[in-house]
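Chemist: Take the sequence shown: its letters are residues 35 to 466, numbered as in my numbering.
A virtual CB, placed ideally from N, CA and C, is assigned to each residue, including glycine.
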Amino acid sequence: MPHLSRRDALRLAAGVALGSTLPLAGCGRGDTAAATATAQPVDSSPATGTISVWAAQGDADVLAKVIKPFEKANPDVEVTFTLIPNGEYYTKLQAAIAAGKGPDVAQFFPESQAQFLDTSTLKPVPDGLVEPDAFFKSLWAAGVVDDVAYTVPWYAYTYALVYRADLAEKAGVTAPATWEAMTPFLKALQGAGAGHGLGADIGWDIFNGQDVAMYAWQAGGSLLSSAGKWTLDTPAMADALKYNASFFTEGTADTAGPTFLDAQPYFVSGKTAAMITGPWVIGQLDTAAKKDGWTASHVATAPLPAGSSGSVSFSAGGTWGVLADSDNADASWKLIRHLALPSTQVAQYKAYSSLPAVISAWDDSAIKDQPLLDAFFTQLKNTRAFPQVATWQQVATRIGKETEAVAKGRESAAKAAANIQAYAESIGTGSE
Numbered sequence: 035m036p037h038l039s040r041r042d043a044l045r046l047a048a049g050v051a052l053g054s055t056l057p058l059a060g061c062g063r064g065d066t067a068a069a070t071a072t073a074q075p076v077d078s079s080p081a082t083g084t085i086s087v088w089a090a091q092g093d094a095d096v097l098a099k100v101i102k103p104f105e106k107a108n109p110d111v112e113v114t115f116t117l118i119p120n121g122e123y124y125t126k127l128q129a130a131i132a133a134g135k136g137p138d139v140a141q142f143f144p145e146s147q148a149q150f151l152d153t154s155t156l157k158p159v160p161d162g163l164v165e166p167d168a169f170f171k172s173l174w175a176a177g178v179v180d181d182v183a184y185t186v187p188w189y190a191y192t193y194a195l196v197y198r199a200d201l202a203e204k205a206g207v208t209a210p211a212t213w214e215a216m217t218p219f220l221k222a223l224q225g226a227g228a229g230h231g232l233g234a235d236i237g238w239d240i241f242n243g244q245d246v247a248m249y250a251w252q253a254g255g256s257l258l259s260s261a262g263k264w265t266l267d268t269p270a271m272a273d274a275l276k277y278n279a280s281f282f283t284e285g286t287a288d289t290a291g292p293t294f295l296d297a298q299p300y301f302v303s304g305k306t307a308a309m310i311t312g313p314w315v316i317g318q319l320d321t322a323a324k325k326d327g328w329t330a331s332h333v334a335t336a337p338l339p340a341g342s343s344g345s346v347s348f349s350a351g352g353t354w355g356v357l358a359d360s361d362n363a364d365a366s367w368k369l370i371r372h373l374a375l376p377s378t379q380v381a382q383y384k385a386y387s388s389l390p391a392v393i394s395a396w397d398d399s400a401i402k403d404q405p406l407l408d409a410f411f412t413q414l415k416n417t418r419a420f421p422q423v424a425t426w427q428q429v430a431t432r433i434g435k436e437t438e439a440v441a442k443g444r445e446s447a448a449k450a451a452a453n454i455q456a457y458a459e460s461i462g463t464g465s466e
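1) Starting from the C-beta of T116, find all residues in its chain whose C-beta is less than 6 Å away, skip the five residues before and the five after it, and write them out in chain order.
2) What residue range does the beta strand (DSSP E) around V87 cover?
3) Can you find a C-beta in chain C that's less than 8 Å from the C-beta of Y386?
4) Starting from the C-beta of G352, find all residues in its chain whose C-beta is less than 7 Å away, skip the five residues before and the five after it, and write them out in chain order.
5) Pull up the DSSP beta-bridge partners for T425, would you.
6) Is DSSP giving F288 helix, strand or coil here?
7) I need the straight-line Cα distance from E112 to Y383, nearest angstrom please.
8) Just reading off the beta strand (DSSP E) that V186 is part of, what are its end residues?
9) Cβ of M216 within 8 Å of Cβ of P339?
10) What three-state label does DSSP hand L406 in the structure shown?
11) Whose C-alpha, out of I454, K221, D296, is nearest the C-alpha of S280?
12) Assign A68 to buried or exposed, taking buried as 16 or more other Cβ atoms, counted over all protein chains shown, within 10 Å of its Cβ.
13) Specify the secondary structure class of L338 as computed by DSSP and reduced to three states.
14) Looking at A409 and A21, is the spacing between their C-beta atoms short of 8 Å?
15) Counting only the same chain and skipping the five closest in sequence on each side, list residues whose C-beta sits under 7 Å from that of A253.
16) Tell me whether the beta-carbon of V159 lies closer than 8 Å to the beta-carbon of D364.
17) Identify every residue that forms a DSSP beta bridge with M309.
18) On the CB-based measure, 16 or more other CB atoms within 10 Å of its CB, does K276 come out buried or exposed?
19) Determine the contact status of T84 and N453, defining contact as a CB-CB distance below 8 Å.
20) To which residues of the same chain is Q91 closer than 7 Å at the C-beta, ignoring the five residues directly before and after it?
21) Measuring only the C-alpha atoms, how far is A322 from F294?
22) Got a sec? Which residues, its chain only, sit under 7 Å from I461 by beta carbon, not counting five neighbours each side?
23) So, with DSSP's three-state summary, where would you put T144?
24) When you compare each of S303, W264, D239 to H230 by their alpha carbons, which one comes out closest?
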């Protein structure tokens, strides 16, 4: 699997958050009735004209190859690609949209696309273009505002538990199914020779914030109420902060490392024996070990341990939308419909290891015969979308900072939760 591309996508989200949300053309949520009225069906006639596509470098690098069947079936269409470095993508896209010079089709990231979900920026997904139930539920939900869908999922990922199967076998333990079983499991891996049981994230940034939000869901939290109000100063958030801190206070993780780039070398060498991470890691461990087949004989995966409300992770990946001012929307939607086909998403997986957002594509032998991906498939069926509000990334970053204070014993979980709530209320949701 490709190196860093999905984490880079999350880094992109962090960059947008820390730089604050840039203004887009128009402002405020579009009128739902008007949005629904514009979502006209797309017919099956051939696509024609030019379709300009902007995407972030990474998974989109192989698109010119992947869409060849579309071009063959639509000989009178020309698709042009502009690939932009991850760290610059949203900034350049937002600037182009504000100037009225954006592409027809743009890639988005479901974990950080909220500021674009408006009729002033994107056209609603046409009626019947795709079947919403064909996708992992939370990935589709990430593109929906006021019952109007603005994006179509393209590829998917989530977090699961990746651990050293050889050390677990030596210790005589199996993957933990609950929070309560996590510390004994990690300590058993240490007893089998690992330096620390868990290679925990110590960036204390948006990624820690996303982790703790995930734990809050597992503990029964909601982050945002049905009325659109922040619900972060809750027992569930405090429990999530305590759970995350327990890795450090119980001695199964180290506040000194590994850093993100050290995570895989630590895991391979035995300095750590487990990671809560994404599926891209699976394809990188043989390289880190400098030995083909190392992963198959040393690694196992499992869904995340369950809190009181179950095993829940977050959904992430890539999506597509058609800009509101596109002058070739019909052909653009036909391209997106092609990108959402199971066969196309399997082709994308074969070309770049991008895991499908369409559930049925996982039945293809190219994916189904990869046992280490099973846990991610199971977990993707138990995911939620982060709050689809413009300020979520800023709030997640603040959660990450408070996470450090709790993990290092400088602050109680209750005080940290109160601080997070106060900060979130001070910046609102971006829709006030």
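Modeler: Judging by the given coordinates:
1) The residue labelled residue 116 in the question sits at position 82 within the sequence shown. Taken in chain order, the residues that qualify are W88.
2) The residue given as residue 87 occupies position 53 in the sequence shown. From DSSP, the beta strand (DSSP E) with V87 extends over 83–90.
3) Absent from the structure: chain C. Only one protein chain is present.
4) Locating residue 352 in the sequence shown gives position 318, counting from the first residue. Result list for G352: D93, Q141, F143, W188, Y189, in chain order.
5) Taking the sequence shown and counting its residues from 1, the one referred to as residue 425 is at position 391. DSSP lists no partner for T425.
6) On the sequence shown, position 254 is the one that residue 288 refers to. Position check: residue 288 holds Asp in this sequence, whereas Phe was assumed. Correct three-state label for D288: strand.
7) The residue you call residue 112 lines up with position 78 of the sequence shown. The residue you call residue 383 lines up with position 349 of the sequence shown. Roughly 24 Å between the two C-alpha positions.
8) For the purposes of this step, residue 186 is taken as the residue at position 152 of the sequence shown. Counting along the chain, the beta strand (DSSP E) containing V186 begins and ends at 186–191.
9) Sequence index remark: in the sequence shown, residue 216 carries index 182 (1-based). Sequence index remark: in the sequence shown, residue 339 carries index 305 (1-based). Yes, these two residues count as a Cβ contact at 8 Å.
10) Counting from 1 along the sequence shown, the entry for residue 406 is found at position 372. Reduced to three states, the DSSP call for L406 is helix.
11) Position 246 of the sequence shown, counted from the start, is the residue given in the question as residue 280. Of the listed residues, the one whose Cα sits closest to S280 is K221.
12) As a first step, residue 68 is located in the sequence shown; it is residue number 34 there, counting from the start. Because the pLDDT at A68 is just 39, under 50, the model does not fix this residue reliably, and the value given afterwards should be weighed accordingly. That one is exposed.
13) Within the sequence shown, the letter at position 304 stands for residue 338. Three-state DSSP puts L338 in coil, outside helix and strand.
14) With the chain covering only 35 through 466, there is no way to say anything about residue 21.
15) Taking the sequence shown and counting its residues from 1, one reaches residue 253 at position 219. Answer for A253: A270, D273, A274, G341, S342, S343, listed in chain order.
16) Here residue 159 is taken as the residue at index 125 of the sequence shown, counted from 1. Here residue 364 is taken as the residue at index 330 of the sequence shown, counted from 1. No, they are not a contact pair.
17) In the sequence shown, counting from the first residue as 1, residue 309 sits at position 275. Note: M309 sits in a beta bridge opposite V196.
18) In the sequence shown, residue 276 corresponds to position 242, counting from 1. K276 is buried by the Cβ-count criterion.
19) On the sequence shown, residue 84 is found 50 positions in, with the first residue counted as 1. On the sequence shown, residue 453 is found 419 positions in, with the first residue counted as 1. No, the Cβ-Cβ distance between T84 and N453 is not below 8 Å.
20) To locate residue 91, count along the sequence shown from 1; it is residue 57. Contacts found: L117, I118, P119, N120.
21) Here the question's residue 322 lines up with position 288 in the sequence shown. Here the question's residue 294 lines up with position 260 in the sequence shown. So the two alpha carbons sit approximately 14 Å from each other.
22) Taking the sequence shown and counting its residues from 1, the one referred to as residue 461 is at position 427. T425, Q428, listed in sequence order.
23) Indexing the sequence shown from 1 puts residue 144 at position 110. With the sequence shown as reference, residue 144 is identified as Pro, and Thr is not the correct amino acid for it. If DSSP states are grouped into helix, strand and coil, P144 belongs with coil.
24) For the purposes of this step, residue 230 is identified with residue 196 of the sequence shown, where counting begins at 1. The residue with the shortest Cα to Cα distance from H230 is S303.
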